[in-house]
Structure formats: C-alpha cells, structure tokens
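Participant: Got a structure for you, questions after.
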Amino acid sequence: MKEEEVFQEDHLLDQFMGQLKVERGLARNTIEAYNRDLIGFFEFLKQRRLSATNVKQEDLVSFIAEKRAHLSATSLARCLVSLRMFYRFLVSEGKIAINPARLLGIPKLYQHLPHVLSRDEVEGLLAQPNQNTTMGKRDTAMLEVLYATGLRASELIGLRMANINMEGGYLRTIGKGSKERIVPMGSKAIDALKRYMTDSRGSLLKKGASPYLFLNSRGGRLTRQGLWKILKNHARKAGITKRITPHTLRHSFATHLLEGGADLRSVQVMLGHADISTTQIYTHVAMERLKEVHEKYHPRP
Numbered sequence: 170m171k172e173e174e175v176f177q178e179d180h181l182l183d184q185f186m187g188q189l190k191v192e193r194g195l196a197r198n199t200i201e202a203y204n205r206d207l208i209g210f211f212e213f214l215k216q217r218r219l220s221a222t223n224v225k226q227e228d229l230v231s232f233i234a235e236k237r238a239h240l241s242a243t244s245l246a247r248c249l250v251s252l253r254m255f256y257r258f259l260v261s262e263g264k265i266a267i268n269p270a271r272l273l274g275i276p277k278l279y280q281h282l283p284h285v286l287s288r289d290e291v292e293g294l295l296a297q298p299n300q301n302t303t304m305g306k307r308d309t310a311m312l313e314v315l316y317a318t319g320l321r322a323s324e325l326i327g328l329r330m331a332n333i334n335m336e337g338g339y340l341r342t343i344g345k346g347s348k349e350r351i352v353p354m355g356s357k358a359i360d361a362l363k364r365y366m367t368d369s370r371g372s373l374l375k376k377g378a379s380p381y382l383f384l385n386s387r388g389g390r391l392t393r394q395g396l397w398k399i400l401k402n403h404a405r406k407a408g409i410t411k412r413i414t415p416h417t418l419r420h421s422f423a424t425h426l427l428e429g430g431a432d433l434r435s436v437q438v439m440l441g442h443a444d445i446s447t448t449q450i451y452t453h454v455a456m457e458r459l460k461e462v463h464e465k466y467h468p469r470p
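Residue numbers for the sequence shown follow the working numbering, beginning at 170 and rising by one.
This is the structure we're talking about:
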C-alpha cells in the first residue's frame, strides 16, 4: 500500500468517526470500539497491499474469518457492524460506487438472560442499611433510586443536585450518546432522598461544596467502585448469593415493571434504550419467571 493511500485511509477514518460522534450521537465507548475494529481492518489491508476503497467482499470475508479465532461472538458481531457502517459511509460520501459489505450478515447471538432479583430479595436488600447512621441513610437513598429508576451506575454517580425535582417526583439524567431523559422516582425513593439530603449530605460535605448528589465519606463524588462495594456489602448481609452489580437492579427494575403490566415502550423510554429490541430481552425474563410459577403451582405442570 502506498504512503498516500495510508494517509487517505486515516483521513477517511477520522471523517467516519466524526460522523458517528456528531450525527449519530453514539457513546464514546462505542465509537472507540468501532475505531479499534477499523484500525485492525486497515492493518489487515496493509499486510495484503490492499486499500479500503478497493476491496471485494471476499477480502472482507477473509478478514472476518481471521478475526473469528480471536474474538468472542459479541465482538465479532460488532466488528461486522463496524465494517458495514464504514462502507455505507464511503458510499454516501461518493468514495466508492458499490458497497462490498452490503451482503455481510450479522450472526445471531445467543442472548444470556440477565440476572434479576426477586421482589423479596430486593426488599431484603433495601432493608439492610442502618437508618441511624449517616452512611446508612445515604446507602438507602442510592439503592432506592437505583431500583426506582433503573439508572446505570454511571448515571447514578453522575447525578447532580440540579437533576432532582422533588416536587415533580422525577429526575433528569444523561445516558449513552449524551441523551437526556426524565424518569419518575416514586414515593419510597423520594422519601429516602429527603432523609439523606436533610440528615446526611451536609455531614458528608464537611463545610465544603459539591454539585453531585451522592457523596463519599470524604465529601467527594462517589465512584463506580465505591457504589459496587456498597451494593455487594448490603447484598451479602441480606443473604443474597446471586452475583449482583448495580446493573442487576436495573435488570430487576425493568423485569418487575413488565411483570406488573407495564408496556414495553414505556420501559424502553425509562431505561433510555435507543432500540426497543434491546428492551425486549426483559420480556423473555418475565416469561421465564411466569413459567417457573406455572410449573411450581399448577396442578398439572
């Protein structure tokens, strides 16, 4: 591959990444993953003295076949998506006339059903923090908000005081792709937040100031690792043996809503999913739980 072709491909990649960020509004981690996939693809082309604008479908198939031995099914599927999106971009920009990736299929992935807590397990978890302590009130507020809203860990620790509307009973959060959404909280979460903000948050600040809602013992912003440790500690005290992360409460939030009769579209909006197909996994979880109830209680299972 000639030096000017390498420069051209670097320029095309920069343009493509810019489009993903500005026009599509994809999350930074997603854009970085696509960038890594395409850098690997360009290295493959360089070894075979090919250019990105002059490849055939069989070249792409050879690249995927080589990657298959080193990538998980999920990563391989994402790599295929990277190629398809990149070549659609080249066609739209007039760099090529025919899309060599147009017939590349995305393999169907086995979807692992997310782990969820039962309603009793959630109640047991929420009962663990000591309400007579500063940290206990903070922990209760965090856990109640997580379960009431289905926020991601990053969204929870990123909450600012200005994001909370107590009177309206909702919060605003910035999710993936820098997209804002509004989520209702419910009375239990609101009551727990009021106790934390009235009785505990001032003590944690230690006469300092912070725009963030949830603080650590030094008055600074809580970290993802700190949130994970807090959750694990209370889960252990509650006797929960399942693997549990902040995302487990997000999964439980969605599943329990659907079990209670919520419509899929509303759950999608509250979770901040761009595609409803992502939300549909929870209908499978709810169905599995219904099957368990049927087998346990029906006289002729």
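Ideal Cβ positions, reconstructed from N, Cα and C, are used throughout, including at glycine.
Rounded C-beta distance between LEU315 and PRO415? I'm assuming under 8 Å.
Facilitator: Position 146 of the sequence shown, counted from the start, is the residue given in the question as residue 315. Position 246 of the sequence shown, counted from the start, is the residue given in the question as residue 415. Going by Cβ atoms, the distance from LEU315 to PRO415 rounds to 6 Å, so yes, they are a contact pair.
Participant: Do you know offhand how far LEU374's Cα is from ARG387's?
Facilitator: Here residue 374 is taken as the residue at index 205 of the sequence shown, counted from 1. Here residue 387 is taken as the residue at index 218 of the sequence shown, counted from 1. Distance between the alpha carbons of LEU374 and ARG387 is about 7 Å.
Participant: Ignoring anything shorter than 3 residues or poking outside the stretch 314-391, list the beta strand (DSSP E) runs there in chain order.
Facilitator: 339-343 and 349-353
Participant: Identify, in the order they occur along the chain, each residue of the same chain with its Cβ nearer than 7 Å to the Cβ of MET330, setting aside the five sequence neighbours on each side.
Facilitator: Locating residue 330 in the sequence shown gives position 161, where the first residue counts as 1. Residues PRO380 and LEU382 of the same chain have their beta carbon placed closer than 7 Å to that of MET330, with the five preceding and five following residues left out of the count.
Participant: Looking only at C-alpha atoms, which of ASP308, ASP444 and GLU292 sits nearest to ARG370?
Facilitator: Position 201 of the sequence shown holds residue 370. Of the candidates ASP308, ASP444 and GLU292, the one whose C-alpha sits nearest the C-alpha of ARG370 is ASP308.
Participant: Alpha carbon to alpha carbon, how far is GLY408 from LYS264? Give it in angstroms, no decimals.
Facilitator: Walking along the sequence shown from the start, residue 264 turns up at place 95. Walking along the sequence shown from the start, residue 408 turns up at place 239. Approximately 60 Å between the Cα atoms of the pair.
Participant: For GLU174 and ASN332, I'd like the C-alpha separation in whole angstroms.
Facilitator: Numbered from its first residue, the sequence shown carries residue 174 at position 5. Numbered from its first residue, the sequence shown carries residue 332 at position 163. Because GLU174 sits at a pLDDT of 48, beneath the cut-off of 50, its placement in the model cannot be relied upon, and the point is left open.
Participant: Using the three-state DSSP reduction, which class does HIS180 fall into: helix, strand or coil?
Facilitator: Here residue 180 corresponds to residue number 11 of the sequence shown, with the count starting at 1. In this structure, HIS180 counts as helix in the three-state DSSP scheme.
Participant: At a cut of 8 Å, does the stretch 222-234 reach the stretch 257-273 through at least three beta carbon pairs?
Facilitator: yes
Participant: Roughly how many angstroms lie between the CA atoms of GLU178 and GLY274, to the nearest whole one?
Facilitator: Walking along the sequence shown from the start, residue 178 turns up at place 9. Walking along the sequence shown from the start, residue 274 turns up at place 105. So the two alpha carbons sit approximately 24 Å from each other.
Participant: Which one of TYR451, THR410, HIS403 and GLY429 has the shortest CA to CA distance from HIS420?
Facilitator: To locate residue 420, count along the sequence shown from 1; it is residue 251. Closest option to HIS420, Cα to Cα, is TYR451.
Participant: If you follow the alpha helix (DSSP H) that SER261 is in, where does it begin and where does it stop?
Facilitator: Position 92 of the sequence shown, counted from the start, is the residue given in the question as residue 261. Per DSSP, SER261 belongs to the alpha helix (DSSP H) from 242-261.
Participant: Quick one: what's got a C-beta closer than 8 Å to MET186's C-beta in the same chain, skipping five residues either side?
Facilitator: For this step, residue 186 is matched to residue 17 along the sequence shown. Answer for MET186: ILE200, TYR203 and ASN204, listed in chain order.
Participant: Can you name the start and end residues of the alpha helix (DSSP H) that LYS215 belongs to?
Facilitator: By one-based count along the sequence shown, residue 215 stands at place 46. First-last of the alpha helix (DSSP H) with LYS215: 197-216.
Participant: Spatial neighbours of LYS306 within its chain, please: CB distance less than 8 Å, with the 5 preceding and 5 following residues excluded, ordered by chain position.
Facilitator: Translated into positions along the sequence shown, residue 306 becomes position 137. Contacts found: PRO298, GLN300, ALA361, ARG364, TYR365, ASP368 and SER369.
Participant: Less than 6 Å between C-beta atoms, sequence neighbours within five positions excluded: which residues of the same chain meet that for LYS406?
Facilitator: Residue 406 sits at position 237 when you count from the first residue of the sequence shown. Answer for LYS406: GLN297, listed in chain order.
Participant: So GLN437 and THR448 are supposed to be a Cβ contact under 8 Å. How far apart are they, rounded?
Facilitator: To locate residue 437, count along the sequence shown from 1; it is residue 268. To locate residue 448, count along the sequence shown from 1; it is residue 279. Confirmed, Cβ separation roughly 4 Å.
Participant: Drop a sphere of 10 angstroms on the beta-carbon of ILE351, count the other beta-carbons inside from all chains shown, and report buried for 16 or more, exposed for fewer.
Facilitator: On the sequence shown, position 182 is the one that residue 351 refers to. Per the 10 Å Cβ criterion, exposed.
Participant: At which residues does the alpha helix (DSSP H) containing ILE399 begin and terminate?
Facilitator: As a first step, residue 399 must be located in the sequence shown, where it is residue number 230. Note, ILE399: alpha helix (DSSP H), 393-406.
Participant: Counting along the chain, where does the alpha helix (DSSP H) carrying SER435 start and finish?
Facilitator: Reading the sequence shown from its first residue, position 266 is the one you call residue 435. Segment 433-440, the alpha helix (DSSP H) holding SER435.
Participant: Classify ASP206 as buried or exposed, calling it buried when 16 or more other Cβ atoms lie within 10 Å of its own Cβ.
Facilitator: Position 37 of the sequence shown, counted from the start, is the residue given in the question as residue 206. When all chains shown are included, ASP206 counts as buried.
Participant: Helix, strand or coil for GLN300, going by three-state DSSP, please let me know.
Facilitator: Along the sequence shown, one-based indexing puts residue 300 at 131. Correct three-state label for GLN300: coil.
Participant: Please return the same chain residues whose Cβ sits closer than 8 Å to the Cβ of ARG412, not counting the five positions on each side in sequence.
Facilitator: Position 243 of the sequence shown, counted from the first residue, corresponds to residue 412. Hits under 8 Å: HIS284.
Participant: Taking C-alpha atoms, which residue in ASP183, LYS348 and ARG218 lies nearest to GLY441?
Facilitator: Start at 1 with the first residue of the sequence shown, and residue 441 comes out as number 272. Comparing Cα-Cα distances from GLY441 to each of ASP183, LYS348 and ARG218, the minimum goes to LYS348.
Participant: Here's the rule: buried if 16 or more other CB atoms are within 10 angstroms of the residue's CB, otherwise exposed. What is THR410?
Facilitator: What you label residue 410 is simply residue 241 of the sequence shown in a count that begins at 1. So THR410 ends up on the exposed side.
Participant: My understanding is that ILE210 touches LEU252, with C-beta atoms under 8 Å, so please give their C-beta distance in whole angstroms.
Facilitator: Within the sequence shown, residue 210 is the residue found at index 41, counting from 1. Within the sequence shown, residue 252 is the residue found at index 83, counting from 1. The question names Ile, but residue 210 is Phe in the sequence shown. Between LEU252 and PHE210 the Cβ distance is about 7 Å, and since that is below 8 Å, they are a contact.
Participant: Tell me whether the beta-carbon of GLY346 lies closer than 9 Å to the beta-carbon of ALA234.
Facilitator: The residue given as residue 346 occupies position 177 in the sequence shown. The residue given as residue 234 occupies position 65 in the sequence shown. Against a cut-off of 9 Å, the Cβ pair of ALA234 and GLY346 comes out as no contact.
Participant: Within a Cβ cutoff of 7 Å, which residues of the same chain sit near GLY395, ignoring the five residues on either side of it in sequence?
Facilitator: The sequence position of residue 395 within the sequence shown is 226, counting from 1. ASN385.
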